[in-house]
Amino acid sequence: MADELKPDLELDLKGLLCPLPMVRVSQNITKVAVGGIIKATASDPGSMADIPSWARTTGNEVVKTERDGKNFVFYVKRLK
Amino acid sequence: MVTREEQDLAVKILDEKTNRQLLYYLDICTRCGICKDACHQYVATGDVLYLPASRAQLIRKVFRKYFTIQGKLIPSVVEATAPNDKLLEDLYRASYACTSCRRCMYYCPFSIDTTWFTSIGRAMLVAIGRGATILGELADAAIMKGENIDMFRDILIEGLKDTEDEFKARVGDPAATIPIGKKGAHSLYVALAGTHTILPMAIIFHQAKADWSLSLFEAANYGYFYGDTARAKKIAQRFVDEAKALGVQELIISECGHAYRVMEFLYEAWAKEKLPFKIRAVVDVMHDYIKEGRIKLKPGSLLEPVTYHDPCQVGRNGGFYEEPRNIVKAVAADYREMTPNREKQWCCGGGGGLVAESEFDTLRQVSGQKKVEQIRKTGAKVLVTPCENCRLQIEMLNEKNNLGIRISSMMDLVVESMDLPGAKPA
Amino acid sequence: MDWFSFIVAGIMVYVAVAVFLIGSIYRVIQWRRAPKSTVKQGMFPRAENPFKRTLKLGKDSLLFPQVLDTDRWMWFFVIGMHLAGIGLFFGHLRLLFEITPLYNALGAGGMETLASWVGGAIGISLFIAFTYFLLRRFKSPYRELSVPEDYLLLLLILLLVLLGDHLRLTHPFDLASYRDYMSSLLHFKPAFSTAITFSADKWVLDAHVLTANMLLIYFPFSKLVHAMGGFAGNLLRSE
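Residue numbers (the numbering used here), protein chains in the order written: chain A, 1 to 80; chain B, 1 to 426; chain C, 1 to 239.
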């Protein structure tokens, strides 16, 4: 597989309702170094818009999103 | 250290926000302290900063320094103060911790609205870059989503596929759809992010044969919590514009207390325009459907003891006391009232954006004790409340205090007690 | 009148009344001139019609039901103080105009007895109520909530009441002299009767009038404007 994105921190956000998945990513982003990656797994479809929007406005980057069954997986890279 | 420029900016915001209501409140408070027993945060912590009159006093100190004769002639007698670091730190805690429940306004002999002060406090802090970070991020993300909706539309619709399949199964109608962007629909329903307020309402609308369309946006307004009217207006405007474009007659706000308050009581004042459609709280809409016989509930179908929590923004600040109770009583075999209730009800402790701010987690837990006691006293096994913030807060209280209750939204309660032709939920 | 009395119990009275009236009107204009937010602030349940709304405004503003609900002792003293304040106003008015129907009913002697009992009771009630308010401010959390203004205002009022009580209670009450003085003020020729001029109470009367003047002058700039603005606040509640 080409996606050798190695997360520095994994967040299990399944069962959390929006906007809490986004809140958790925001709270944890400073726990990884600049350039580090958080892998967040959420079950709320609202996070599909929330987390990418949050990343854009805060100057971070969602480098990859994927579906994992009913869940949504985000790889968020800390840029600053 | 706060700079001189920042102080001037904060004072400028205060000046801009000064209106007739504020002048009354600034002048008439006698600091009698009757409000102390009204605030769940003061009662639980004994921290004087949380006493409603103390929260207001911070703004009053600054106002007196810059805008009154007394503040210039006898500053120490009236405690006129510049917005220094100490004051701004206190202002942060006093303003952002406030859940905007307005129970203190109910008990104030002069009806002083403390939220008038705490929202100005928040606005002043936002202006000088000291606002609550997470609320700002949430607000900006919501605005970003609104500005780039074309980018997200397909993703959002795609995300709803599973929900739509379940909806079809539940109502036993393979042709049933969740309408999005339906021109000329009677109502636009603004749900919360996620599907938990979409699926049950889709079922209810379908069974009631309602002509509706689902908004692409969520009702929650973190710009309002942040204390920034400009952001708050932009966030609400996303679905206001959508409603105008579709030409709907009513905008239905989901079970979200502050979102209803924003739309029914604040938006027109912010936007300086009269909206061409009605604002409805979803609980009122469901109540109408039941009253008109458009949906049928099974009386007494809920056997466990049930209680109802009045969300501040739905009850005291929204005006719906009996409608939600009627719905609960229609299905509950054993309904139990908490005391005090209605306009005197205790705030659950989770409003005002607090559920998103981890810095207030401990405060939320401690200040929820009044609610915990109330719930325990009823002996109820199910608590119903039509506000997402309340539910998140009470879920937390339930877990931390081993209350052993189930917390339900109004719409879930309604769907559970309807006879649906389709499959039972998995 | 000696020069001190002339300044304090003469000229200053006019200044104080003028500041009180003009200041209070100015404050009301200041409020009314500020733009009113169009946000409807009312709480629920809402009064259904203007009549009920007015009724609620009256109840909230005059009977303080929320205070009764929260703190019974405070309500007792607050309602007592305000009622005594109304009595006080009529008591002082009597120095200007006799309350004729009562006078006719009771006769001169009866009226005097009633006035001395009621006046005395009011004076003592006010002293007790304001002492309670002052002591309450030394208790937490009211202590932390209070600003120097709150104490100074209470001390000023207590002093005013105490001096008034002294005049009312310690000597045979010289109604005629006080009426002469009030009437002289009304005719812009302030003067004390011979009886007052040669009595030690002259200084007490001077001090009583001085503190009253100070209260009148400070009134429009203090939280005492709740006497006017409180109604506006309570009206917003049911908007």
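Here a beta-carbon is modelled for each residue, glycine too, at the ideal position from N, C-alpha and C.
So, helix, strand or coil for residue 112 of chain B, using DSSP?
Residue 112 of chain B sits in coil when the DSSP states are folded into three classes, being neither helix nor strand.
Can the beta-carbon of residue 306 of chain B be found less than 8 Å from the beta-carbon of residue 330 of chain B?
Not closer than 8 Å, so no.
Whole-angstrom Cβ separation of residue 178 of chain B and residue 160 of chain B, contact assumed at under 8 Å?
With a Cβ gap of about 6 Å, residue 178 of chain B and residue 160 of chain B count as contacting.
Between the CA atoms of residue 384 of chain B and residue 78 of chain B - distance to the nearest angstrom:
Between residue 78 of chain B and residue 384 of chain B, the alpha-carbon positions lie close to 47 Å from each other.
Starting from residue 64 of chain A, trace the beta strand (DSSP E) in both directions and tell me its first and last residue.
61-68 is the extent of the beta strand (DSSP E) around residue 64 of chain A.
Where the region 38-56 of chain C meets chain B: residues whose CB sits under 8 Å from a CB there:
With the criterion set as a beta carbon lying under 8 Å from some beta carbon of chain B, the members of the region 38-56 of chain C are 38, 39, 40, 41, 43, 44, 45 and 46, in sequence order.
Can you give me the start and stop residues for the beta strand (DSSP E) that residue 307 of chain B sits inside?
Per DSSP, the continuous beta strand (DSSP E) segment holding residue 307 of chain B begins and ends at 306-308.
Using a Cβ-Cβ distance under 8 Å, would residue 24 of chain C count as near chain B?
Cβ-Cβ to chain B under 8 Å: no for residue 24 of chain C.
Starting from the N-terminal side, write out each stretch of the alpha helix (DSSP H) that is 4 residues or longer and does not extend beyond the region 345-414 of chain B.
As summarised for the region 345-414 of chain B, the continuous alpha helix (DSSP H) elements at least 4 residues long and confined to that stretch are 361-367, 369-378 and 388-400, given in chain order.
Three-state class that DSSP yields for residue 2 of chain A in the structure shown:
Low confidence applies here, because residue 2 of chain A scores a pLDDT of 44, under 50, leaving its location unreliable and the question unanswered by this model.
Buried versus exposed, by CB contacts within 10 Å (16 or more), residue 30 of chain C
Per the 10 Å Cβ criterion, exposed.
The beta strand (DSSP E) enclosing residue 71 of chain A, as first and last residue numbers
Judged by DSSP secondary structure, residue 71 of chain A falls within the beta strand (DSSP E) whose first and last residues are 71-77.
Taking 6 Å as the limit between beta carbons, can you name the residues of its chain near residue 95 of chain C, skipping five residues before and five after?
Scanning its chain for C-beta atoms nearer than 6 Å, with the 5 sequence neighbours on each side dropped, one finds around residue 95 of chain C the residues 178, 179 and 182, in chain order.
What number of angstroms, rounded off, separates the C-alpha of residue 191 of chain B from the C-alpha of residue 18 of chain A?
Between residue 191 of chain B and residue 18 of chain A, the alpha-carbon positions lie close to 11 Å from each other.
Can you tell me whether DSSP reads residue 250 of chain B as helix, strand or coil?
DSSP places residue 250 of chain B in strand when its eight states are reduced to three.
For residue 91 of chain B and residue 63 of chain B, what's the separation of their Cα atoms in angstroms?
Residue 91 of chain B and residue 63 of chain B have their C-alpha atoms some 13 Å from each other.
Would you kindly work out how many angstroms separate the C-alpha atoms of residue 488 of chain B and residue 417 of chain B, rounded to a whole number?
Here chain B comprises residues numbered 1 to 426, so residue 488 of chain B is not present and cannot be evaluated.
Can you tell me whether residue 2 of chain C is buried or exposed? The criterion is at least 16 other CB atoms within 10 Å of its CB, across all chains shown.
Exposed, since its Cβ has fewer than 16 Cβ neighbours within 10 Å.
For residue 48 of chain C, the first and last residue of its enclosing alpha helix (DSSP H)
First-last for residue 48 of chain C: undefined, no H or E at that position.
So the candidates are B/265, B/326 and B/258; which of them puts its Cα closest to the Cα of residue 101 of chain B?
Of the listed residues, the one whose Cα sits closest to residue 101 of chain B is B/258.
For a contact meaning CB atoms closer than 7 Å, what does residue 159 of chain B contact in chain A?
Near residue 159 of chain B (Cβ distances below 7 Å), the residues of chain A are 45 and 48.
Sorted by chain position, which residues of the same chain lie with C-beta nearer than 8 Å to residue 16 of chain A's C-beta, five sequence neighbours on each side aside?
24, 42, 43 and 44.
Beta-carbon contacts of residue 1 of chain A that lie in its chain and below 8 Å, excluding the five residues immediately before and after
Only weak support exists for where residue 1 of chain A lies, its pLDDT of 42 falling under 50; the value from the coordinates is given anyway. Scanning its chain for C-beta atoms nearer than 8 Å, with the 5 sequence neighbours on each side dropped, one finds no residue around residue 1 of chain A.
Which residues share a DSSP beta bridge with residue 431 of chain B?
Summary: the structure shown does not reach residue 431 of chain B, with chain B confined to residues 1 through 426, and so no result is reported for it.
Figure out for me which residue from B/358, B/89 and B/268 has the closest Cα to the Cα of residue 2 of chain B.
Selected option, being the one with the closest Cα: B/89.
Exposed or buried, which one is residue 102 of chain C when buried takes at least 16 other CB atoms within 10 Å?
So residue 102 of chain C ends up on the exposed side.
Taking DSSP's pairing of strands, which residues face residue 39 of chain A in a bridge?
DSSP lists A/10 and A/75 as the beta-bridge partner residues of residue 39 of chain A.
Residue from B/33, B/231 and B/103 with nearest C-alpha to residue 141 of chain C:
Nearest of B/33, B/231 and B/103 to residue 141 of chain C, Cα basis: B/33.
Proximity winner among B/29, B/35, B/39 and B/23, relative to residue 33 of chain C (alpha-carbon distances)
Among B/29, B/35, B/39 and B/23, the Cα nearest to that of residue 33 of chain C is on B/23.
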